[in-house]
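Accompanying notes for the structure given below.
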Amino acid sequence: MTSTFQGIEIGKRAVSAHQQGLTTVGHNLSNASTEGYSRQRVEFSPFEPIYLPGLNREETPGQIGQGVVVERIERIRDQLLDQRIVAQAGGEGYWGTRDKYVLMMERMYNEPADVSVRGRMDAFWDSWEELARHPADNAPRRAVIERGKTLIDSIHERYKGLKGLQDMAEQDIQITVARVNELSRQIAGLNDDIQKIRAQGDNPNDLLDRRDLLVDKLSSIIDVTTDSRDPDEFMVHTAGFVLVQGRIGRQFSLERGIETEGYSKIVWEETGNDAVFRSGSLAALVELRDSTIQSEIQSLDSMTMNFIDLVNESHRPGYGSNGTTGLDFFTERPFVTNVTGNYDRNGDGEFDSTYIFRIAGTNTLEPRAQIGLEGVITLSAADGTVDIPYYPTDTVAEVIQRINNSGAEVVARLDREGRLSLKGTPAEDWSNPDFVIRHIEDSGRLLQGYAGLLNASGPEGAYDWGGADAVASLTGGAINYTVAPVAHPSGWIEVNPSILKDPGSVAAGYGLNDRPANVGNGEAATAIASIRYNEVMVGRLGTFDDYFADAVARVGLMGEQSERALETQNLIMKQLKDMRQSISGVNIDEELSQMIKYQHGYAAAARFITTVNDMLDTIINRMGV
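Note that the UniProt record's numbering numbers the sequence shown so that position 519 is 519, with each residue one more than the last.
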C-alpha cells in the first residue's frame, strides 16, 4: 500500500534535484574564466519505483514512480582530444624556448658592421698592409697594436655573450627541473585525493580538472604520455620510464661533472640513470646549452685559435724595428706546462695522456705534386676514428682537402714553409678536450717518409694521445709540435705584453742567413696581411671571410627555422585548444538557458508540493465530524 505522504517525497526530491542543478550552473558560471576548468552537467534519473520485479506487491496497474534523483555530476571532457594536446604540447614548448634563445643569439651576431668582429678584423688586416708599405715607421706599428687590441675586445665580447647565454640556459634547466619535480609531486598528491573520493562513490570533477591542467603544463616542459585505464592508478610516462604512478611521483636530480665544464646533467633521482627528453622546453634548453650554443663557442674558439696561431707563425721569425725577433704577437696559454704535452688525466699522480694541438712534418711539400704513394690515414673523429685513403695519382692538395672534408677532428694545411701541418679541432664529445690531436696513423709512407711527420708506418708507428710521451712517435723535435692551449681561447687571447710595452717589437720583415731584416723590409707584415685571403683551415672552411659568412648564415637559418616551426606549433595548438574549449568550456548563454530550465523545474516542483499539501490539509483537517 502506498504512503499518504508519497507526493511530498516526490516533490522534495524534485526540489532537491533542481536546486542541485542550479548550484552546478552557478559553479560553471563562477568558473567561466578559470584556467583548465571543464563545464559540468547534472544527470537526472528516475528514483527507484516502489515495486521492483521479484518482490511481493499488491495489485497495481504498473510500477509506481517516486520522482527524480541526481544520478551524477559529470564533467564534459574529450579524453582523446586531451591526449592529442598533451602529445603536441611538447613541440610548442620546445620551439618556443629555442626561438627565444636563437633570437638573442641573432642579435648578438647582427651587431653594427663597424664594431663587429668581422669589421674589426678587416681593420686589423688593413693595418698590416699599411705597415707593409711603411715598415720603417712606428705609427703603423702602433695602429697594428691598437687594432689588434680592439679586435681582441670584440672576440672577448662575442665569447662572453655566448657564454652568458649558455649560463642562462643552465639556470633555466635548474629552475625547470625543479618545476617538473613539483608538478610530479602535485599530480601524485591529486591522484591520492581522487582515489579517496572515488572510493566514496563521488566524482572529483574539480580535482580531475586540476590534474589535467598540471599534466598540460608538464607536457609543455617534457614529453609525456598518460595512462588512465586503471582509474585507481593514473600514470604519466616520460623518457621511457614512469614518472607518476598513482600516489608515487618520481623525481629528477642534477649532477655536475668536470667533463661538462661544471654544467648539470639531468638524472633520475632513484637510479642515477641519465634522463633524455625528446621534446618540450627542457629538451630545448639541454640541446641549446650542450649543442647549439656550445657549437657556436667552439666555432669561435676554432677561428680564434687558428687566427692567433697563423699570425704568430708569421710574426715569430720576423724582426721588429728594434731588432727583436722570436716574439709571438698574441699570447698563447698552454694547457699543460710539460714541454712534451704529458698530462695526468685521471688524477692518479701519473702522466697518462699527451695533449698536443699542432704537429708539423719536417719535409717541404709542393701542393700540386703527385704523391706517388698509396695507403690509408687514420685520424681521430667525434666517434672513434675515420679512415682517409690516398692514391699515387693524388696531389698533396687533394689529400689535404680529403682530410679536411672527412669529418675527422683533425685538419690539415701546408704552413708558410710548405710543411704538412695537422691541428686538433674542438671536440664534439664533452669527454674529449678541445684542440687535442688524439690519434694519427698511416698504413703507408705518406706521413712517414714523404711528409716527415711520423717515425714509422702502421699501428706500431701511430701517434696516440692515450699515453705519456706520445711525441716519441713524431719525426721532428719540439719545434714541430705545439702543446694544446687552455680551453676557450676566445675568452683569454691577448696581445703580447712585450709588444704593448715597445711597439718597435712589432715585426715587419724577415732576415736572411740569421741577419736582422733591413729597415725597409715588409715581408713579415705582407705575410700576415695575406692571411686574410689565404686558405687558413678554419675547421672545414677556407678563409676567415668564409667563417664569418658561415656563422651569420648559420645563425640566421636557425632563427628562421625556429620562427617558422613555432608558428606552426602555435597554430596546431590553437586549433586543438579551441576544439577543446568548444567542448569543455563554459558558454554563458548555454548556462543561462540551463539556469532557466532548472528554475522552472524548481518552481514546478514547489507548486506540486503546495498542491499535495492542500490535498493532505483537506483530508486531515476538513474531513471528519
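Ideal Cβ positions, reconstructed from N, Cα and C, are used throughout, including at glycine.
Inset, instruction - List the endpoints of the continuous beta strand (DSSP E) containing residue 561. - result: Run containing residue 561: none in the beta strand (DSSP E); it sits in the alpha helix (DSSP H), 544-584.
Legend entry - Assigned exposure category for residue 372 - 16 Cβ within 10 Å defines buried: exposed
Legend entry - Simplified DSSP state of residue 435, which is helix, strand or coil: coil
Legend entry - C-beta neighbour in chain D for residue 72, strict 8 angstroms: Absence of chain D from the displayed structure is noted, only one protein chain being present.
Inset, instruction - Could you name the residues of the same chain whose beta carbon sits closer than 8 angstroms to that of residue 417, not counting the 5 residues immediately before and after it, in chain order? - result: 364
Legend entry - Per-residue DSSP class, three states only, for residue 403: helix
Legend entry - Contact set for residue 508: own chain, Cβ-Cβ below 6 angstroms, skip 5 residues either direction: 131, 135, 522, 524, 525
Inset, instruction - For residue 441, count neighbouring Cβ atoms within 10 angstroms of its own Cβ and tell me buried if that reaches 16, exposed if not. - result: buried
Inset, instruction - Quick one: give me the first and last residue of the alpha helix (DSSP H) that residue 497 is part of. - result: 497-501
Inset, instruction - From the DSSP output, in three-state form, read off residue 390 for me. - result: strand
Legend entry - Range of the contiguous beta strand (DSSP E) that encloses residue 380: 375-380
Legend entry - residue 124 (DSSP reduced to helix, strand or coil): helix
Inset, instruction - Would you check if the distance between the CB atom of residue 219 and the CB atom of residue 96 is smaller than 8 angstroms? - result: no
Legend entry - residue 320 burial status per 10 Å Cβ neighbour count (16 or more: buried): buried
Legend entry - Reduced DSSP secondary structure (H/G/I, E/B, other) of residue 460: helix
Legend entry - Three-way DSSP call (helix, strand, coil) for residue 623 in this model: coil
Inset, instruction - Out of 402, 204, 519, 310, point me to the one whose CA is closest to residue 379's CA. - result: 402
Inset, instruction - Report yes if the CB atom of residue 465 is closer than 8 angstroms to the CB atom of residue 354, and no otherwise. - result: yes
Legend entry - Residue(s) in a DSSP beta bridge with residue 442: 377
Inset, instruction - Could you pull the start and end residues of the beta strand (DSSP E) that residue 241 belongs to? - result: 241-245
Legend entry - For residue 484, three-class secondary structure by DSSP: coil
Legend entry - Separation of residue 298 from residue 263, as counted between CA atoms: 16 angstroms
Inset, instruction - Rounded to whole angstroms, what's the CA-CA distance from residue 227 to residue 109? Just pull it up for me. - result: 45 angstroms
Inset, instruction - Determine the DSSP secondary structure at residue 201, reduced to helix, strand or coil. - result: coil
Inset, instruction - Report the rounded CA-to-CA distance for residue 636 versus residue 339, giving the unit in angstroms. - result: Limits of the chain in this structure are 1 at one end and 625 at the other, which puts residue 636 out of reach.
Inset, instruction - Decide yes or no for the touch test of the segment 577-593 against the segment 99-108: beta carbon pairs closer than 8 angstroms, at least 3 of them. - result: no
Legend entry - C-alpha gap between residue 503 and residue 323, whole angstroms: 12 angstroms
Legend entry - Segment contact, 8 angstroms Cβ cut-off, at least three pairs: the segment 269-287 with the segment 199-214: no
Legend entry - Contact under 8 angstroms by Cβ, residue 342 with residue 328: no
Inset, instruction - Please report the Cβ distance between residue 331 and residue 493, rounded to the nearest whole angstrom; I am assuming they are in contact, meaning their Cβ atoms lie under 8 angstroms. - result: 7 angstroms
Legend entry - Burial state of residue 171, where buried means 16 or more other Cβ atoms lie within 10 Å: exposed
Inset, instruction - Confirm, please, whether the CB-CB distance from residue 185 to residue 249 is below 8 angstroms. - result: yes
Inset, instruction - Would you give the residue range spanned by the beta strand (DSSP E) that residue 86 belongs to? - result: Residue 86 -> not in any beta strand (DSSP E); alpha helix (DSSP H) instead, spanning 79-109.
Legend entry - Extent of the continuous beta strand (DSSP E) to which residue 34 belongs: That residue, residue 34, is in no beta strand (DSSP E); it is neither H nor E in DSSP.
Inset, instruction - Could you tell me which residues DSSP puts in a beta bridge with residue 237? - result: 225, 242
Inset, instruction - Enumerate in chain order the residues of its own chain whose CB-to-CB distance from residue 183 is below 8 angstroms, with the five nearest sequence positions on each side excluded. - result: 214, 217, 218, 221
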